[in-house]
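The structure appears below as structure tokens.
Residue numbers (the working numbering), protein chains in the order written: chain C, 6 to 462; chain A, 6 to 462.
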């Protein structure tokens with residue numbers, strides 16, 4: 006657990022800004038407007054609310070492809086660093102985290118884009134590296150995705166090491182700016198990666214000065230063994246999935262042991278499970294809100310999505326029956342993301358309809374339904390367990406569900422002495438209690454011949 | 006020549022925002038601060054001045070590598086679409102053009118980033134496609150650059166066609182947003198490229214609604230035969246090099262004939278030569294300013310840069326002698342950009358020192374030195390010839406050279422009836438007098454097998 010500038014542990018909260026909201030029906034809710042998902046003004050207004058609520062960061066997930074069923078719901082549309090640069094201009098403190106895929110980007114471009122975001126936001130950028138298993142994405146990049154999870158993560162690990170080496174390719178004082186001596190920069194204080202690795206060759210230093218945070222905050226979101234290995238080696242924070250506090254405790258124990266095995270401070274990795282919130286002024290109102298949101302999700306969408314996760318024909322699933330026995334176990338090919346929900350179905354004997362709901366609006370994360378007090382008490386209980394540093398708050402509907410959290414839950418968390426009343430620092434690292442890392446040499450792989458390709462066919 | 010909303014031809018002006026300025030010594034000038042090149046606040050302040058001067062656009066060049074001699078001068082650092090998104094948030098009318106390389110980016114990522122910039126700026130984005138011949142860039146992307154100029158441009162042409170097809174992959178009315186009918190989007194109004202070409206495979210539609218401008222303004226900046234062919238087929242505007250009005254007239258005749266051969270309106274391509282400006286309140290003051298700026302350029306830098314362009318050892322060049330005879334001719338390997346200057350040296354018998362200066366601060370563009378009247382008269386004369394739609398203004402020093410242009414030259418151009426007093430429209434296409442293009446079907450290449458690569462080694 007990191008410690009804030011005072012001695013009391015500080016709860017951390019990120020807003021997981023999934024366009025209209027976590028529920029597939031969020032865009033149909035009266036408070037939403039169908040065009041919000043591609044309207045930067047909407048993102049800026051919500052980020053300003055999050056900043057007034059002293060959230061640590063807004064987080065934009067990303068998938069560079071149309072969703073499987075775009076007729077039913079909004080999807081990640083605008084490129085997230087463009088949106089975060091717009092938010093940066095309209096805010097001054099809140100952290101700005103976006104996802105980028107290690108499989109469909111060049112490390113130099115990603116290192117540069119997030120270093121630039123860190124500069125324009127004066128130290129508020131975070132990068133969530135994902136490996137992307139979606140075949141629709143691969144099809145947009147002339148690639149196909151192998152079932153080979155380990156190979157994808159091997160590339161992800163090299164990608165991450167290289168991005169960090171690029172951020173460290175300038176000394177903090179490389180820029181000299183000596184007008185009289187006509188010396189703009191000291192080349193001896195640059196450290197080109199000269200990287201000739203299994204997947205990437207990057208010879209030169211980044212063309213951006215070292216980021217204000219030294220390294221933008223590095224986030225990892227996979228829960229598989231490979232994902233945890235990557236997180237233990239590199240991540241400042243993980244976005245995890247935990248359906249029960251017991252799961253969260255076990256996950257924290259595992260991840261911290263792995264971090265220690267890398268010689269890291271086991272408490273130096275912040276763990277943020279996702280938490281889908283449905284808030285009402287009474288328990289009954291919250292339950293009615295949840296029911297109403299469920300009623301607006303086309304059943305065809307929920308069924309098709311679950312069938313897609315399970316890799317079966319939707320016709321095999323019956324809404325009011327349990328999962329067919331051969332499907333009721335988490336399997337290797339399945340994203341870790343959903344394994345928890347499927348396990349839950351098997352343990353609890355849920356029907357397909359109940360399973361779809363238990364996934365928390367189809368995101369695979371835990372859902373909590375209740376009054377602000379219920380939500381605040383739950384957050385406090387988990388936080389005090391020591392298993393989590395805070396939560397990725399995933400409002401049911403962004404447009405009114407997030408303001409409800411900011412206005413009603415945050416004051417309760419402050420009253421409990423768990424959450425800040427004002428930002429104490431300026432950067433995302435400050436908010437998270439993470440030190441600004443010193444530049445360190447990176448051991449670049451050296452193959453006898455660089456991995457070079459002609460850029461023509 | 007396009008025509009503004011009135012019937013009078015409208016001069017167009019873009020600010021070529023090359024960090025501290027066009028002169029290699031700009032960062033040493035008293036008005037500059039060495040850190041400006043990576044300070045988004047500097048970019049925003051200057052863009053606001055350009056907007057008050059009703060410029061058509063700011064333009065950020067880009068090279069994703071450190072410059073060859075970073076000890077001597079600033080370079081393109083911050084990723085330009087991040088900077089333009091920041092400028093978008095602080096302005097409301099000025100156009101936002103950035104460069105992206107067709108050799109070191111994926112078309113899906115670039116199409117998406119510029120579509121996103123067009124959305125967040127409400128229709129002000131422009132994309133300048135370059136093919137990038139710089140070996141330092143290639144080394145950052147595991148590639149090597151072939152001398153084969155034509156092959157690089159073949160990839161550039163496919164890249165450009167595909168980016169346009171992605172921008173056109175949504176009908177303008179594909180987003181339905183029917184809450185009651187639970188219909189977010191009409192999939193029959195999506196047009197996935199299903200592109201299986203020589204260099205790229207992109208199967209799916211963009212995950213961003215059609216940009217506000219339909220297509221962001223497409224710019225091309227190469228002057229070679231291949232570059233002109235690409236421009237004639239695709240570009241809304243070209244950033245050209247012209248050292249004399251005769252050159253400009255010949256270039257316009259050539260480009261317009263090529264556009265007509267593609268069945269396009271020959272006057273539908275706007276031509277913008279670069280113009281390096283050194284402004285003083287008297288001719289004498291302007292000349293003194295130029296001399297002072299030259300005196301601040303380390304000779305070692307100018308010599309090394311010229312030697313690099315010519316591909317020779319700097320020791321072969323003597324400052325006060327003409328170019329060695331074997332170097333005094335433009336050659337095939339040389340970027341078109343510099344051919345004009347080298348020709349000029351050969352024609353005029355310039356010394357090496359004079360040649361370095363004649364390049365216009367080392368950029369290869371024409372330089373004008375004088376009072377605001379001199380500059381305005383020159384611009385008016387070129388514009389009235391019909392050979393140019395306007396200029397890319399390249400101030401000697403951004404920090405005070407651009408405000409001098411905005412404050413002193415722009416009013417003269419307005420008084421001449423050539424330049425707008427206020428923006429008449431909202432989008433960059435409006436400013437440039439370019440219509441919003443209707444979506445049109447793109448003939449995708451279809452190879453029997455898609456060009457697929459495993460994303461693992």
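We put the CB at the ideal spot given by N, CA and C, even for glycine. It should be emphasised that the depicted structure is a prediction, and the values quoted were computed from it without experimental measurement.
Short CB-CB distance (under 9 Å) between residue i and chain A
i: residue 196 of chain C; result: no
i: residue 390 of chain C; result: no
i: residue 189 of chain C; result: yes
i: residue 81 of chain C; result: yes
i: residue 56 of chain C; result: no
i: residue 19 of chain C; result: no
i: residue 4 of chain C; result: Because chain C here runs from 6 to 462, residue 4 of chain C falls outside it and cannot be looked at.
i: residue 461 of chain C; result: Here residue 461 of chain C scores only 40 on pLDDT, less than 50, and its place in the model should not be relied on; the value that follows carries that caveat. Interface residue, yes.
i: residue 206 of chain C; result: yes
DSSP three-state assignment for residue i, whether helix, strand or coil
i: residue 54 of chain C; result: helix
i: residue 384 of chain C; result: helix
i: residue 93 of chain A; result: helix
i: residue 310 of chain C; result: helix
i: residue 116 of chain C; result: helix
i: residue 106 of chain C; result: strand
i: residue 140 of chain C; result: helix
i: residue 26 of chain C; result: coil
i: residue 262 of chain A; result: helix
i: residue 42 of chain C; result: helix
i: residue 436 of chain C; result: helix
i: residue 425 of chain A; result: coil
i: residue 131 of chain A; result: strand
i: residue 447 of chain C; result: coil
i: residue 160 of chain C; result: helix
Rounded separation between residue i and residue j - CA only
i: residue 48 of chain C; j: residue 263 of chain C; result: 36 Å
i: residue 290 of chain C; j: residue 414 of chain C; result: 16 Å
i: residue 11 of chain A; j: residue 421 of chain A; result: Bear in mind that a pLDDT of 47 at residue 11 of chain A, under 50, signals an unreliable position, so the number given afterwards is only what the model happens to contain. The straight-line gap from Cα to Cα measures roughly 16 Å.
i: residue 115 of chain A; j: residue 37 of chain A; result: 32 Å
i: residue 316 of chain C; j: residue 129 of chain A; result: 43 Å
i: residue 84 of chain C; j: residue 203 of chain A; result: 26 Å
i: residue 69 of chain A; j: residue 187 of chain A; result: 44 Å
i: residue 31 of chain C; j: residue 248 of chain A; result: 58 Å
i: residue 398 of chain C; j: residue 380 of chain C; result: 11 Å
i: residue 107 of chain C; j: residue 164 of chain C; result: 6 Å
i: residue 58 of chain C; j: residue 444 of chain C; result: 33 Å
i: residue 425 of chain C; j: residue 417 of chain C; result: 11 Å
i: residue 95 of chain C; j: residue 132 of chain C; result: 20 Å
i: residue 5 of chain A; j: residue 323 of chain A; result: Missing from the structure shown is residue 5 of chain A; chain A here goes from 6 to 462 and no further.
i: residue 7 of chain A; j: residue 157 of chain C; result: At residue 7 of chain A, the pLDDT of 44 sits below 50, so the modelled position is not reliable and the matter cannot be decided from this model.
i: residue 327 of chain A; j: residue 357 of chain A; result: 6 Å
i: residue 271 of chain A; j: residue 257 of chain A; result: 9 Å
Minimum Cβ-Cβ distance from residue i to chain C less than 9 Å
i: residue 110 of chain A; result: yes
i: residue 70 of chain A; result: yes
i: residue 77 of chain A; result: yes
i: residue 86 of chain A; result: yes
i: residue 299 of chain A; result: no
i: residue 239 of chain A; result: no
i: residue 144 of chain A; result: yes
Beta-carbon proximity list for residue i, same chain, < 7 Å, skipping 5 on both sides
i: residue 319 of chain C; result: 308, 309 and 312
i: residue 125 of chain C; result: 90 and 93
i: residue 430 of chain C; result: 436
i: residue 259 of chain A; result: 233
i: residue 199 of chain C; result: 208 and 449
Same chain, Cβ closer than 8 Å to residue i, five either side skipped, listed in chain order
i: residue 194 of chain A; result: 175, 176, 178 and 179
i: residue 211 of chain A; result: 113, 116, 117, 120, 171, 172, 174 and 175
Cut-off 6 Å between Cβ atoms - residues of its own chain near residue i, not counting five sequence neighbours on either side
i: residue 123 of chain C; result: 130, 216, 217, 218 and 221
Residue i: CB within 8 Å of a non-hydrogen atom of the ligand HEM
i: residue 223 of chain A; result: The ligand HEM is not part of the structure shown, which contains no ligands of any sort.
- request: Taking only runs that begin and end inside the segment 177–241 of chain A, name each unbroken alpha helix (DSSP H) of 4 or more residues, in chain order.
  value: Listed in chain order, the alpha helix (DSSP H) elements of length 4 or more contained wholly in the segment 177–241 of chain A are 230–239.
message: To test your reading of the DSSP string, which unbroken beta strand (DSSP E) runs of 3 or more residues are found completely within the segment 265–329 of chain C?
response: Within the segment 265–329 of chain C, complete beta strand (DSSP E) segments of at least 3 residues are found at 275–284, given in chain order.
field: Complete runs of the alpha helix (DSSP H) confined to the segment 378–422 of chain A [at least 4 residues]
entry: Listed in chain order, the complete alpha helix (DSSP H) runs (minimum 4 residues) inside the segment 378–422 of chain A are 403–409 and 415–420.
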